[in-house]
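Presented below is the structure to which this report refers.
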Amino acid sequence: TPIKSSAASDVYKRQVYVSNKNYIISQGHCRHLGATIEKDGVNFAVWAPDAAEIDLLLFDAVDDDSPYVVHLSSTVFKSTYFWHVFVHNIGAGQIYAYRVTKTVDSPQAQSQAEEINKILIDPYGKRVLFPDDYKRFLPKDEKLAFKYAPKSAVINVDEYDWGIDTFPHHSLENTIIYEMHVKGFTADKSSGLSDEIRGTYKGLIEKIPYLVELGITAVELMPVYQFDEKDARPNMDNYWGYSPMAFFSVHEGYSSDKSIEGPVKEFRDMVKALHRNGIEVILDVVYNHTSEGDENGPSYCFKGFDKDGYYIIKDGYYQNYSGCGNSLNANQPVVRNLIIDSLVFWHEKMHVDGFRFDLASILTRDKFGAPMNDNTTLLSIDANRRLAEAKLIAEPWDAGGLYQLGAISGSKWREWNGQFRDDVRSFMRADPGMVKKFVLRLLGSPDIYNEHMVDAQKSVNFITCHDGFTLYDLVCYSNKHNLANGEHNRDGNDNNYSANYGFEGPTDDVHLNELRLRQVKNFMAITMLSLGTPMICMGDEVLRSQNGNNNAYCQDNKLSYLNWDLNEQQREMFDFTKTLIGLSRIGKIKHVNDTPHHKLDKLLTNAKIQWHGIKPFQPDWSDMSHSIGFLYYYSKQEMYAYIFVNAFWEDLTIEIPCVPGHLDKSWYQFINTSLGPGKDVTPFYMSTRYHAGNKIKVKSRTVLMLLCPST
Numbered sequence: 182t183p184i185k186s187s188a189a190s191d192v193y194k195r196q197v198y199v200s201n202k203n204y205i206i207s208q209g210h211c212r213h214l215g216a217t218i219e220k221d222g223v224n225f226a227v228w229a230p231d232a233a234e235i236d237l238l239l240f241d242a243v244d245d246d247s248p249y250v251v252h253l254s255s256t257v258f259k260s261t262y263f264w265h266v267f268v269h270n271i272g273a274g275q276i277y278a279y280r281v282t283k284t285v286d287s288p289q290a291q292s293q294a295e296e297i298n299k300i301l302i303d304p305y306g307k308r309v310l311f312p313d314d315y316k317r318f319l320p321k322d323e324k325l326a327f328k329y330a331p332k333s334a335v336i337n338v339d340e341y342d343w344g345i346d347t348f349p350h351h352s353l354e355n356t357i358i359y360e361m362h363v364k365g366f367t368a369d370k371s372s373g374l375s376d377e378i379r380g381t382y383k384g385l386i387e388k389i390p391y392l393v394e395l396g397i398t399a400v401e402l403m404p405v406y407q408f409d410e411k412d413a414r415p416n417m418d419n420y421w422g423y424s425p426m427a428f429f430s431v432h433e434g435y436s437s438d439k440s441i442e443g444p445v446k447e448f449r450d451m452v453k454a455l456h457r458n459g460i461e462v463i464l465d466v467v468y469n470h471t472s473e474g475d476e477n478g479p480s481y482c483f484k485g486f487d488k489d490g491y492y493i494i495k496d497g498y499y500q501n502y503s504g505c506g507n508s509l510n511a512n513q514p515v516v517r518n519l520i521i522d523s524l525v526f527w528h529e530k531m532h533v534d535g536f537r538f539d540l541a542s543i544l545t546r547d548k549f550g551a552p553m554n555d556n557t558t559l560l561s562i563d564a565n566r567r568l569a570e571a572k573l574i575a576e577p578w579d580a581g582g583l584y585q586l587g588a589i590s591g592s593k594w595r596e597w598n599g600q601f602r603d604d605v606r607s608f609m610r611a612d613p614g615m616v617k618k619f620v621l622r623l624l625g626s627p628d629i630y631n632e633h634m635v636d637a638q639k640s641v642n643f644i645t646c647h648d649g650f651t652l653y654d655l656v657c658y659s660n661k662h663n664l665a666n667g668e669h670n671r672d673g674n675d676n677n678y679s680a681n682y683g684f685e686g687p688t689d690d691v692h693l694n695e696l697r698l699r700q701v702k703n704f705m706a707i708t709m710l711s712l713g714t715p716m717i718c719m720g721d722e723v724l725r726s727q728n729g730n731n732n733a734y735c736q737d738n739k740l741s742y743l744n745w746d747l748n749e750q751q752r753e754m755f756d757f758t759k760t761l762i763g764l765s766r767i768g769k770i771k772h773v774n775d776t777p778h779h780k781l782d783k784l785l786t787n788a789k790i791q792w793h794g795i796k797p798f799q800p801d802w803s804d805m806s807h808s809i810g811f812l813y814y815y816s817k818q819e820m821y822a823y824i825f826v827n828a829f830w831e832d833l834t835i836e837i838p839c840v841p842g843h844l845d846k847s848w849y850q851f852i853n854t855s856l857g858p859g860k861d862v863t864p865f866y867m868s869t870r871y872h873a874g875n876k877i878k879v880k881s882r883t884v885l886m887l888l889c890p891s892t
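So for the sequence shown, my numbering puts the first residue at 182; every next one is plus one.
Right under this line is the structure:
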């Protein structure tokens, strides 16, 4: 007679028969958490400190409603806070889950008792499976709950041929980051890919030549950890993926291969192909919250094992510093270990080059939500030897009002510089009182990073990212247009520092479209020429628009996808961006001098940087100034550069300064964003030449760049 469950007693090995299977169960260990393939079977281990009894559920299929239950109630299978069991004669492909059936009798465990009998995926699981009728909230009927619940699967992460794969290891000085959405990059039919691979890791592989042509050195992938696509408004999907379910599992939805091990293999194929083309892979990781939400959300994993340990809970309520219902208790030792173990897994086993931490400031909060000065989690990541060669980038704020730009613990961390975004937008919009701030952003924001005394690459410079307007929408819309999200236009940022220049949205006005294109080029030029590591958002190089939607988190459709059919203006923008990236990789303002980064008065009167206005050496630092000129030296290329930025709404006539120490040398026009295609960037042999004292009319809202070899 088949046995459908077994209570493991105080013996080290127990043999149990179920149908035609022979399970041999022994004590196991907790040296490694998760499901670990070992000789003759699989070891299962999980953190559940308040559990008195726990079930390991073994399923024959993802929609199996009658799993084999290994019921663990003996201390043989518990080492202090960890439960473990070894199941012989199983291996890769085994589907499993857990449930806590009883908690210890203590005041501390009372809240955990509310979570008993929930079907739980493994916090360290390497694969999450979803039945066709997956339910975010499971029915109370046990068989239906088993059938509809997500489940984990055992994966052999050591079975993959990496060949001679190597990490590109680009310096931050020579890195160009391209923030992209795996699905949105190729999902549109205009990509020309087959239906089977559009919007997948495999589809991205097919488009690597595009990234190579553009000059990208690193892709920053929006979340690819398994997330809950149903964690959004009713009848809408979570497109962005900022709703993590599992920190070790590849998102199934981006794989063309839905087999148990398919997504893991396809993701690795993508990484290997990108590396082969010299492109690094940076993951946008979300360790600040999960899609379990608050007390009204589902329980599918962390809540069921130890909700007071995994989450910041105060006075019985989940603290919501993420804006998504809960916040991970990142400085709790087990949670900190989980985060670091996850990072090490993706770096070592999946060959990921770096990580961008969403709302990283939440990781600086203690168990009550109070900010910590030198928090152990970010410092532990910073100093971890196994992550020594991984790039670490922080989004240094959270949704709870904590803003830590320039103050993230650990010298290795780099930061998304939100002040660069806002100040450059404001200056180029011709807001008053912005010229000094604009200059500081060009110089790597020494006013922000002065305490660290670090190189300028501390700053990741960007004008746009997934969150907010696209670059083209930034110059087409003065207001957000988010009605399609179903929240009555209440969602998304209201303060975008954008402008429509006379008309809201698309227009047939030729002159207005020329102005908008010029402003987009200006933003791109400033991003590439400034000190720091530049990042551009997918599609900005081809004027991608979201019709004014600045919060497209739930728009899994053409609004968010990259359209590969380019018109003349879009091709012009692509060529311009490609040329700028090439210049940026050659060199930026370097070796300002030996003055400490934080001496602002020295920077503004620096011998290696000359500041100019419409007349040489007469910069206008007043609040009503909307232009600035500066001259500096490309040490690596032995090249002088003179840049004049006119953010004014009127044309300006400027006088050209001399090449330092060379009164007879000529300047060659390299960039003039007011000129049309084929003229906005000009090679030397075709370039207009200027000499000291010549006067040039710089059109309104234009960036001009002149170059001169020093030899």
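Even glycine gets a Cβ: it sits at the ideal position worked out from N, Cα and C.
Checklist line | As assigned by DSSP and simplified to three states, the class of MET361 | finding: Counting from one through the sequence shown, the residue named residue 361 turns up at place 180. Strand at MET361.
Check: Tell me which same chain residues have a C-beta within less than 7 Å of the C-beta of ASP465, skipping the five on either side of it?
Finding: Along the sequence shown, read from residue 1 onward, the residue named residue 465 stands at position 284. Excluding residues up to 5 positions away in sequence, GLU401, LEU402, MET403, PRO404, ARG537, ASP539 lie with their Cβ nearer than 7 Å to the Cβ of ASP465 in the same chain.
Next item on the list: Only counting runs of 3 or more residues, tell me where the beta strand (DSSP E) segments fall wholly within the region 573-603, in order along the chain.
Entry: Runs of the beta strand (DSSP E) lying entirely within the region 573-603 and spanning at least 3 residues, in chain order: 595-597.
Margin query: Checking 7 Å against the spacing of the C-beta atoms, do ILE345 and MET451 come in under that value?
Written below: For the purposes of this step, residue 345 is identified with residue 164 of the sequence shown, where counting begins at 1. For the purposes of this step, residue 451 is identified with residue 270 of the sequence shown, where counting begins at 1. The criterion of a C-beta distance shorter than 7 Å is not satisfied by ILE345 and MET451.
Check: Can you tell which of TRP578, ASP522, TYR742, LEU652 has the C-alpha that lies nearest to the C-alpha of PRO304?
Finding: Sequence index remark: in the sequence shown, residue 304 carries index 123 (1-based). Of the listed residues, the one whose Cα sits closest to PRO304 is ASP522.
Item checked: Own chain, CB closer than 7 Å to TRP802, minus 5 neighbours either side, in chain order -> For this step, residue 802 is matched to residue 621 along the sequence shown. Around TRP802, the same chain offers VAL616, LYS617 as residues with beta carbons nearer than 7 Å, after the five sequence neighbours per side are excluded.
Next item on the list: With distances taken Cα to Cα, identify the nearest neighbour of LEU764 among MET886, CYS211, ASP579, HIS456.
Entry: To locate residue 764, count along the sequence shown from 1; it is residue 583. The option with the nearest alpha carbon to LEU764 is MET886.
Item checked: C-alpha gap between ARG457 and VAL338, whole angstroms -> Within the sequence shown, the letter at position 276 stands for residue 457. Within the sequence shown, the letter at position 157 stands for residue 338. ARG457 and VAL338 have their alpha carbons spaced roughly 21 Å apart.
Item checked: Burial state of PRO415, where buried means 16 or more other Cβ atoms lie within 10 Å -> The residue given as residue 415 occupies position 234 in the sequence shown. Within a 10 Å sphere around the beta-carbon of PRO415 sit fewer than 16 other beta-carbons, which makes this residue exposed.
Next item on the list: Could you work out which residue in ASN666, ILE824, PHE650, MET716 is closest to LEU174 when comparing CA atoms only?
Entry: Here the chain has residues from 182 to 892 only, and residue 174 is not among them.
Note to self: For ASP721 and HIS269, I'd like the C-alpha separation in whole angstroms.
What the structure shows: Locating residue 721 in the sequence shown gives position 540, counting from the first residue. Locating residue 269 in the sequence shown gives position 88, counting from the first residue. Roughly 53 Å separates the two Cα atoms.
Item checked: Neighbour-count burial assignment, LEU784, 16 or more Cβ in a 10 Å radius -> Taking the sequence shown and counting its residues from 1, one reaches residue 784 at position 603. In this predicted model, LEU784 has a pLDDT of only 45, less than 50, meaning its place in the structure is not dependable; the value taken from the coordinates is given anyway. Buried.
Check: DSSP state of CYS889, grouped into three classes?
Finding: For this step, residue 889 is matched to residue 708 along the sequence shown. CYS889 sits in a strand when the DSSP states are folded into three classes.
Notebook entry, point to check: For LEU586, which residues from the same chain have a beta carbon less than 8 Å from its beta carbon, with the 5 sequence-adjacent residues on both sides left out?
Noted result: Taking the sequence shown and counting its residues from 1, one reaches residue 586 at position 405. Excluding five sequence positions before and after LEU586, the CB atoms of its chain that fall closer than 8 Å to its own CB belong to PRO577, TRP578, GLU596, ASN598, GLY599, GLN600, ILE629, given in chain order.
Check: Are ALA233 and LYS299 closer than 7 Å when you measure CB to CB?
Finding: Locating residue 233 in the sequence shown gives position 52, counting from the first residue. Locating residue 299 in the sequence shown gives position 118, counting from the first residue. Taking 7 Å as the cut-off, the Cβ atoms of ALA233 and LYS299 do not count as close.
Check: Can ALA278 and LEU238 be called in contact, C-beta distance under 7 Å?
Finding: Against the sequence shown, residue 278 aligns to sequence position 97. Against the sequence shown, residue 238 aligns to sequence position 57. Yes, these two residues count as a Cβ contact at 7 Å.
Notebook entry, point to check: How many Å lie between MET805 and PRO613 at the Cα?
Noted result: Along the sequence shown, read from residue 1 onward, the residue named residue 805 stands at position 624. Along the sequence shown, read from residue 1 onward, the residue named residue 613 stands at position 432. In this model, MET805 and PRO613 are separated by some 5 Å (Cα to Cα).
Check: Nearest-angstrom Cα distance between HIS669 and GLN736?
Finding: As a working note, residue 669 is residue 488 in the sequence shown. As a working note, residue 736 is residue 555 in the sequence shown. Near 15 Å, if we compare the C-alpha coordinates of GLN736 and HIS669.
Next item on the list: With LYS878 as the anchor, note down where its beta strand (DSSP E) starts and where it stops.
Entry: Reading the sequence shown from its first residue, position 697 is the one you call residue 878. Start and end: 876-879.
Checklist line | Spatial neighbours of HIS532 in its chain, beta-carbon cut-off 8 Å, leaving aside the 5 residues before and after | finding: Here residue 532 corresponds to residue number 351 of the sequence shown, with the count starting at 1. Within the same chain, HIS532 has close Cβ partners TRP343, ASP346, PHE348, ARG449, VAL452, LYS453, HIS456, VAL462.
Next item on the list: Use the C-beta contact count for MET609: other C-beta atoms within 10 angstroms, 16 or more gives buried, fewer gives exposed.
Entry: As a working note, residue 609 is residue 428 in the sequence shown. Burial call: buried.
Margin query: With DSSP as the reference, identify every bridge partner of LYS283, one or two as the case may be.
Written below: By one-based count along the sequence shown, residue 283 stands at place 102. Its beta-bridge partners are GLU234.
Check: Mind checking whether LEU392 and THR714 have CB atoms under 7 Å apart?
Finding: Taking the sequence shown and counting its residues from 1, the one referred to as residue 392 is at position 211. Taking the sequence shown and counting its residues from 1, the one referred to as residue 714 is at position 533. It is not a contact, given that the beta carbons lie outside the stated cut-off.
Note to self: My output table needs one value for ARG537: the three-state DSSP class, helix, strand or coil.
What the structure shows: In the sequence shown, counting from the first residue as 1, residue 537 sits at position 356. Of the three classes helix, strand and coil, the one that applies to ARG537 here is strand, per DSSP.
Next item on the list: Consider the C-beta atom of ALA294 and the heavy atoms of the ligand NAP; say whether any pair is separated by less than 6 Å.
Entry: Among the components modelled here there is no ligand, and therefore nothing to report on the ligand NAP.
Checklist line | 6 Å CB neighbourhood of GLN500 in its chain, flanking five on each side removed | finding: By one-based count along the sequence shown, residue 500 stands at place 319. Taking GLN500 as the centre and dropping the five residues before and after it, the same chain places the C-beta of ILE493, SER508, GLY550 closer than 6 Å to its C-beta, in chain order.
Next item on the list: Could you pull out every residue in the same chain whose Cβ sits closer than 7 Å to the Cβ of ASN875, ignoring the five residues on either side in sequence?
Entry: If you number the sequence shown from 1, residue 875 lands on position 694. Take ASN875, set aside five residues on each side of it, and the residues of its chain with a beta-carbon closer than 7 Å to its own are ILE837, in chain order.
Item checked: Reference ALA680, options ILE218, ALA611, GLU753, closest by Cα -> As a first step, residue 680 must be located in the sequence shown, where it is residue number 499. Residue ALA611 is the option with its Cα nearest to ALA680.
Notebook entry, point to check: What is the DSSP secondary structure of GLY380, reduced to helix, strand or coil?
Noted result: Reading the sequence shown from its first residue, position 199 is the one you call residue 380. Looking at GLY380 - three-state DSSP - the assignment turns out to be coil, as it is neither helix nor strand.
Margin query: Any contact between the region 309-317 and the region 257-264? By contact I mean 3 or more CB pairs, one from each, below 8 Å.
Written below: Counting Cβ pairs under 8 Å, fewer than three are found: no touch.
Note to self: Let me check understanding here. Comparing Cα to Cα, which of GLU295, LEU740, ARG567, HIS265 lies closest to HIS662?
What the structure shows: Residue numbering aside, residue 662 sits at position 481 when the sequence shown is read from its first letter. When only C-alpha atoms are compared, the closest one is LEU740.
Checklist line | First and last residue of the uninterrupted alpha helix (DSSP H) at LEU693 | finding: Indexing the sequence shown from 1 puts residue 693 at position 512. Unbroken alpha helix (DSSP H) run through LEU693: 691-710.
Check: I think VAL266 touches ILE206, with their Cβ atoms under 8 Å apart; what is that distance to the nearest whole Å?
Finding: Start at 1 with the first residue of the sequence shown, and residue 266 comes out as number 85. Start at 1 with the first residue of the sequence shown, and residue 206 comes out as number 25. Sure, about 6 Å apart at Cβ, within 8 Å.
Next item on the list: Report all residues from its chain with a CB closer than 7 Å to the CB of SER430; omit the five preceding and five following residues, and keep chain order.
Entry: In the sequence shown, counting from the first residue as 1, residue 430 sits at position 249. For SER430, where only same-chain residues beyond five positions count, the Cβ hits under 7 Å are GLY306, LYS307, ARG308, VAL309, TYR406, GLN407.
Next item on the list: Pull up the distance between the alpha-carbon of PHE704 and that of GLY373, whole angstroms please.
Entry: Residue numbering aside, residue 704 sits at position 523 when the sequence shown is read from its first letter. Residue numbering aside, residue 373 sits at position 192 when the sequence shown is read from its first letter. About 30 Å.
Check: Cα separation between PRO858 and HIS432?
Finding: Looking up residue 858 in the sequence shown gives position 677. Looking up residue 432 in the sequence shown gives position 251. Annotation: PRO858 to HIS432 spans about 41 Å, alpha carbon to alpha carbon.
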